[in-house]
Every structure is written in C-alpha cells, then in structure tokens.
Amino acid sequence: MKYDYLIVGAGLFGAVFAREAAKRGRKCLVVEKRNHIAGNIYCEEIHGIQVHRYGAHIFHTSDKKVWEYVNEYAEFNHYINSPIARYREELYNLPFNMNTFSKMWGIATPREARDIIAAQIADLHITQPKNLEEQALSLVGRDVYEKLIKGYTEKQWGRDCKDLPAFIIRRLPLRFTYDNNYFNDRYQGIPMEGYTRLVEKLLEGTEVRLNTNYLEHREECNELADKIIYTGMIDQYYDYSLGVLEYRSVRFETEELEMENYQGNAVVNYTEREVPYTRIIEHKHFAFGTQPTTIISREYSREWKRGDEPYYPVNNEKNDDLYARYRAMADREEKVIFGGRLGSYKYYDMDKVIAAALELCGKEL
Ligand code: FAD
Ligand code: UDP
Numbered sequence: 030m031k032y033d034y035l036i037v038g039a040g041l042f043g044a045v046f047a048r049e050a051a052k053r054g055r056k057c058l059v060v061e062k063r064n065h066i067a068g069n070i071y072c073e074e075i076h077g078i079q080v081h082r083y084g085a086h087i088f089h090t091s092d093k094k095v096w097e098y099v100n101e102y103a104e105f106n107h108y109i110n111s112p113i114a115r116y117r118e119e120l121y122n123l124p125f126n127m128n129t130f131s132k133m134w135g136i137a138t139p140r141e142a143r144d145i146i147a148a149q150i151a152d153l154h155i156t157q158p159k160n161l162e163e164q165a166l167s168l169v170g171r172d173v174y175e176k177l178i179k180g181y182t183e184k185q186w187g188r189d190c191k192d193l194p195a196f197i198i199r200r201l202p203l204r205f206t207y208d209n210n211y212f213n214d215r216y217q218g219i220p221m222e223g224y225t226r227l228v229e230k231l232l233e234g235t236e237v238r239l240n241t242n243y244l245e246h247r248e249e250c251n252e253l254a255d256k257i258i259y260t261g262m263i264d265q266y267y268d269y270s271l272g273v274l275e276y277r278s279v280r281f282e283t284e285e286l287e288m289e290n291y292q293g294n295a296v297v298n299y300t301e302r303e304v305p306y307t308r309i310i311e312h313k314h315f316a317f318g319t320q321p322t323t324i325i326s327r328e329y330s331r332e333w334k335r336g337d338e339p340y341y342p343v344n345n346e347k348n349d350d351l352y353a354r355y356r357a358m359a360d361r362e363e364k365v366i367f368g369g370r371l372g373s374y375k376y377y378d379m380d381k382v383i384a385a386a387l388e389l390c391g392k393e394l
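Take 30 as the starting number for the sequence shown in our numbering and just add one per residue.
As structure tokens, this is what we get:
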C-alpha cells in the first residue's frame with residue numbers, strides 16, 4: 030500500500046486527522062470532491078473581506094485542550110457573537126437576555142421579566158416540554174416566542190414548532206442578566222487569517238487531491254491505503270440502501286455593496302415568517318473590517334434533495350433510527366472509519382469536531 034490512510038474530505042475532521050497522523054510519521058492522502066479544502070468552514074477573501082461561503086462560523090469552546098490546539102495553527106481575534114433579531118420594525122438583542130426583555134416589555138429588573146414570563150404561560154401547565162413550541166414557551170413566554178422564535182424556526186426547519194424536538198432551542202443561552210454574548214463558552218473568536226488558512230496549515234505536508242469524488246473512484250482509492258477515514262454522508266456511502274437521511278440545506282445570496290457598513294452587525298436575524306430569508310450576514314464585522322465596500326449574504330433555508338449541500342441534519346426519531354441502522358453497518362467495516370458531521374449525522378460545532386478527531390487519533394494512531 031502506498032498510504033497508511035486515505036482521508037475522504039478535506040474538512041476540519043479530515044485535516045485534524047491528517048495533521049496528527051503526519052506528526053506520528055504516517056502517510057496520508059486526502060481526496061476532496063470540491064475544488065477547495067476546508068469543507069464548510071471554507072472562507073474566500075474578496076476585497077480584503079473573509080467571506081464565509083458555507084455560512085457564518087464563529088469558533089467557541091469551553092474545552093481548553095481544543096482551544097490550545099487550534100491556537101497552534103491560527104491566531105484568533107476577540108470577536109464575540111451578539112446577533113440582532115429584527116421583527117418587522119422592532120429590533121431586539123439575542124440571545125434571550127435582559128436587553129431583550131427590557132425592550133419587549135419596558136421593564137428593568139430580572140424579577141419583572143420572570144413575572145411576565147410566568148404570567149404568560151400560567152394557563153399552559155407545561156411540566157415536561159414535548160416539543161420545541163412547549164420548550165420555548167416555558168422558557169421565555171408567549172411574546173418572545175411569537176415574535177422571535179416561531180417564524181424564524183419554522184423558516185429554518187420548514188416544520189411546525191410542534192413537530193420539532195425541544196433540544197434545538199436549548200442550544201441558545203437564556204439569561205436574566207444584561208449580556209448579549211450568544212455563547213456561554215469560555216473561549217471565542219475568529220481566525221485572523223481566515224479558516225481556510227487554518228486548514229491549510231493543518232494539511233501542510235499532506236498530499237491533497239481536489240475535485241476527486243471518492244465514491245466515483247472507490248476501487249482505485251481503496252487500493253491506495255490500508256485504512257480509510259470517511260467524512261462524507263454515511264447514507265451516500267451505502268448508496269442510500271436503507272433509505273435517505275433528511276437534511277436542511279441553505280441557499281446563500283451573496284452581494285457586494287458600495288457602502289462601508291450595511292447593517293452595523295455581523296448577524297441580523299429576520300424572525301418574521303413573511304421575510305423569506307432567515308438572516309443576513311455582513312462578513313466584514315466578524316473581523317472589525319474597515320474596507321470601503323461590504324459583502325452581505327442572505328440565507329434561505331430549504332429542504333435538502335440529492336445534489337444539494339447538506340447542512341443541518343434533521344434529528345427526529347425517524348432519521349435517528351435510520352442513522353442507527355447505517356451506524357451498525359459502519360461499525361462492522363474493518364477498513365473504514367466514519368467521522369465528522371456527515372459521517373456521524375450530527376450537528377457538530379467545530380470544537381466538537383476537533384475533539385472527536387483527536388479522540389479517534391488517540392485510539393487509531
Ligand atoms: P465538512 O466541513 O462538511 O467536511 C467534509 C468534506 O468532505 C467536505 O469538504 C466534502 O466536500 C467532502 N466530501 C464529502 N463526500 C465526499 C466524497 N465522496 N469524496 C470526496 N470528498 C467528499 N460550528 C461552529 O463551531 N461555529 C459556528 O458558528 C458554526 N456555524 C455553522 C453554520 C452552518 C450553516 C453550518 C451548516 C454549520 C456550522 N458549524 C459551526 C458547524 C461546522 O460547519 C462543522 O463543525 C464543520 O464544518 C465540520 O467539519 P467536517 O470535516 O466534519 O465536515
Ligand atoms: N432561533 C430562533 N430565533 C432566532 C435564532 C434562533 O428561534 O433568532 C432558534 C431556531 O430554532 C434555531 C435554534 O434557535 O434553529 C438554534 O439557533 P442557532 O443560532 O444555534 O442556529 P444555527 O446557528 O445553527 O443556524
């Protein structure tokens with residue numbers, strides 16, 4: 030065999046594995062079907078602005094080991110994510126915190142906020158929230174749910190809030206302090222030279238073949254290496270033989286505007302149902318950019334179909350069961366190891382992907 034490992038996918042998972050393998054003297058070949066490395070964290074520099082091509086990415090973690098690891102390959106800025114929610118002409122701070130409540134109800138203290146929320150849900154008697162709607166109502170009350178959650182969530186997921194799992198909304202912090210930090214994590218920032226450079230550094234010294242779809246050259250590829258690390262879609266690997274796992278996809282409408290500052294914030298969510306996009310990203314604000322022009326992306330969420338980019342796994346019971354059946358097949362493979370967000374059918378933040386890749390390296394290398 031020419032290589033110890035063939036890595037399918039030049040995303041973060043594959044790149045971390047490649048780096049660790051190289052450190053231990055193993056020889057890897059990375060094949061990537063796109064014409065660039067870095068997977069979904071790929072950024073392209075346009076007129077000095079790092080444009081996040083597959084959706085905005087903010088690095089955040091509480092895992093000190095992971096933070097130290099990425100800092101070996103990139104220097105991070107001090108960006109703290111604080112999105113704005115826009116409902117018709119009203120503007121609110123996110124995540125849900127005292128700034129949101131004070132604007133919504135004209136109040137000042139946590140006690141007042143808690144009392145209003147309690148009064149708005151008193152007649153619902155929710156003890157164990159069964160779905161996203163019940164979970165959201167029980168956390169923030171009816172006004173915040175109706176204005177900031179219902180429309181956005183239904184656009185994002187293409188499903189009624191009653192048909193979505195409660196955990197999706199628990200991803201967001203809820204605070205009774207005046208704190209607009211979207212994350213609770215200890216470390217946060219954006220690589221100053223962009224995510225593509227970070228992945229480039231991880232892949233330094235490893236051979237990468239772009240525009241190469243493993244599934245179209247499976248046999249030749251398999252002959253090249255002792256083992257395969259596969260970070261593509263698990264159902265596609267098995268030719269969808271047990272059925273198709275559902276995803277949400279996103280269409281990005283990106284344009285450059287002849288102005289310095291369009292919306293004054295990196296992320297503005299449009300939470301009413303009637304606006305067709307979910308949010309507008311103004312890329313330069315992730316890096317405190319002062320360029321004379323600006324680049325924005327509107328995000329339109331839609332159901333994934335074959336050929337689209339898969340973005341968000343739809344982790345409902347049906348899909349999770351189907352995934353478990355694919356997983357059982359995957360676990361019986363001797364030569365192939367599945368990893369990353371597509372191989373695990375999981376919404377994985379970047380820090381979790383790095384941690385998972387390092388864990389695999391610990392076992393495998
Ligand atoms: P990917 O980046 O998807 O890499 C897999 C690679 O494999 C791709 O390049 C793909 O082209 C390639 N591939 C697939 N099949 C084949 C094949 N058959 N042959 C060859 N190559 C193949 N995380 C955060 O921490 N913070 C955020 O703010 C954040 N925002 C996000 C926003 C959006 C819209 C989305 C969808 C995700 C976000 N994430 C965020 C998660 C982050 O994108 C992932 O954690 C990370 O990109 C996963 O890396 P990966 O290597 O597992 O997968
Ligand atoms: N959400 C919402 N209103 C908002 C922002 C988020 O209702 O203004 C909900 C929505 O259901 C979303 C979930 O919270 O799917 C998680 O939000 P997050 O910002 O983590 O979504 P992502 O960045 O993954 O798109």
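Note that CB positions come from ideal geometry on N, CA and C, so glycine has one too. Here the structure is a predicted model, which means the values were calculated and not measured.
{"Check": "Could you pull the start and end residues of the alpha helix (DSSP H) that Thr-319 belongs to?", "Outcome": "Element bounds for Thr-319: n/a, residue is neither H nor E."}
{"Check": "My output table needs one value for Gln-79: the three-state DSSP class, helix, strand or coil.", "Outcome": "strand"}
{"Check": "Buried or exposed for Leu-120, going by 16 or more other Cβ atoms inside 10 Å?", "Outcome": "exposed"}
{"Check": "Between Ser-270 and Trp-333, is the Cβ-Cβ spacing less than 8 Å?", "Outcome": "no"}
{"Check": "Roughly how far, in whole angstroms, is the beta-carbon of Ala-2 from the beta-carbon of Asp-33, given that I think they are within contact range, below 8 Å?", "Outcome": "Only positions 30 to 394 of the chain appear in this structure, which leaves residue 2 out of reach."}
{"Check": "Is Tyr-108 near ligand 1, in the sense that its beta carbon is under 7 Å from a heavy atom of that ligand?", "Outcome": "no"}
{"Check": "Buried or exposed: where does Thr-300 fall if 16 or more other Cβ atoms within 10 Å of its Cβ makes it buried?", "Outcome": "buried"}
{"Check": "Within 10 angstroms of its Cβ, does Glu-236 collect 16 or more other Cβ (buried), or is it exposed?", "Outcome": "exposed"}
{"Check": "Is any heavy atom in ligand 1 found nearer than 7 Å to the beta carbon of Thr-235?", "Outcome": "no"}
{"Check": "Go through its chain and collect everything with a Cβ distance to Lys-132's Cβ below 8 Å, but skip five positions before and after it.", "Outcome": "Glu-119, Leu-120, Tyr-121, Asn-122"}
{"Check": "If we count the other Cβ atoms within 10 Å of its Cβ and call it buried at 16 or more, is Phe-125 buried or exposed?", "Outcome": "buried"}
{"Check": "Near Leu-168, which residues of its chain fall below 6 Å by C-beta distance, leaving aside the five closest residues on each side in sequence?", "Outcome": "Leu-203"}
{"Check": "Tell me Tyr-397's beta-bridge partners as DSSP assigns them.", "Outcome": "Here the chain comprises residues numbered 30 to 394, so residue 397 is not present and cannot be evaluated."}
{"Check": "In whole angstroms, what separates the C-alpha of His-65 from that of Arg-331?", "Outcome": "24 Å"}
{"Check": "Run the CB neighbour count on Ala-67, radius 10 Å, all protein chains shown included, and call it buried at 16 or more, exposed below.", "Outcome": "buried"}
{"Check": "With DSSP as the reference, label Leu-201 as helix, strand or coil.", "Outcome": "coil"}
{"Check": "How would you label Ile-109, buried or exposed, when you count the other beta carbons within 10 angstroms and need 16 or more for buried?", "Outcome": "exposed"}
{"Check": "What separation, rounded to the nearest whole angstrom, lies between the Cα atoms of Arg-199 and Ala-39?", "Outcome": "31 Å"}
{"Check": "Classify Gln-157 as buried or exposed, calling it buried when 16 or more other Cβ atoms lie within 10 Å of its own Cβ.", "Outcome": "exposed"}
{"Check": "In terms of residue numbering, what span does the alpha helix (DSSP H) encompassing Gln-265 cover?", "Outcome": "263-266"}
{"Check": "Around ligand 2, what residues have a beta-carbon under 6 Å from a heavy atom of it, in chain order?", "Outcome": "Ala-114, Leu-123, Leu-177, Ile-178, Tyr-181, Thr-182, Gln-185, Ile-197, Ile-198, Arg-200, Leu-201, Asn-298, Thr-300"}
{"Check": "Please state whether DSSP places Asn-345 in a helix, a strand or coil.", "Outcome": "coil"}
{"Check": "In whole angstroms, what separates the C-alpha of Ile-146 from that of Gln-217?", "Outcome": "30 Å"}
{"Check": "Could you please give me the residues that DSSP links to Pro-220 through a beta bridge?", "Outcome": "Phe-105"}
{"Check": "Could you check if Lys-159 belongs to the surroundings of ligand 1, using beta carbon to heavy atom distance under 7 Å?", "Outcome": "no"}
{"Check": "What's the C-alpha gap between Gln-320 and Cys-57?", "Outcome": "40 Å"}
{"Check": "When the Cα atoms are used, what is the spatial distance from Asp-208 to Ala-114?", "Outcome": "15 Å"}
{"Check": "To the nearest angstrom, how far is it from the Cα of Lys-191 to the Cα of Arg-238?", "Outcome": "45 Å"}
{"Check": "Are the region 244-264 and the region 281-294 in contact at 8 Å, needing three or more beta carbon pairs?", "Outcome": "no"}
{"Check": "Would His-311 pass as a contact of Asn-294 if the rule is Cβ separation under 8 Å?", "Outcome": "The sequence shown places Glu at residue 311, not His. Yes, they are a contact pair."}
{"Check": "Using CA atoms only, rank isn't needed, just tell me which of Ser-326, Glu-252, Leu-351, Pro-112 is closest to Met-30.", "Outcome": "Glu-252"}
{"Check": "Under the criterion of a Cβ to heavy atom distance below 7 Å, does Asn-126 qualify as lining ligand 1?", "Outcome": "no"}
{"Check": "Have a look at Ser-326, Asp-337, Leu-371 and flag the residue whose alpha-carbon is nearest the alpha-carbon of His-81.", "Outcome": "Ser-326"}
{"Check": "Can you tell me which of the three DSSP states Lys-182 falls into?", "Outcome": "Note on residue identity: the sequence assigns Thr, not Lys, to residue 182. Of the three classes helix, strand and coil, the one that applies to Thr-182 here is helix, per DSSP."}
{"Check": "Enumerate in chain order the residues of its own chain whose CB-to-CB distance from Ile-136 is below 8 Å, with the five nearest sequence positions on each side excluded.", "Outcome": "Phe-130, Ala-142, Ile-145"}
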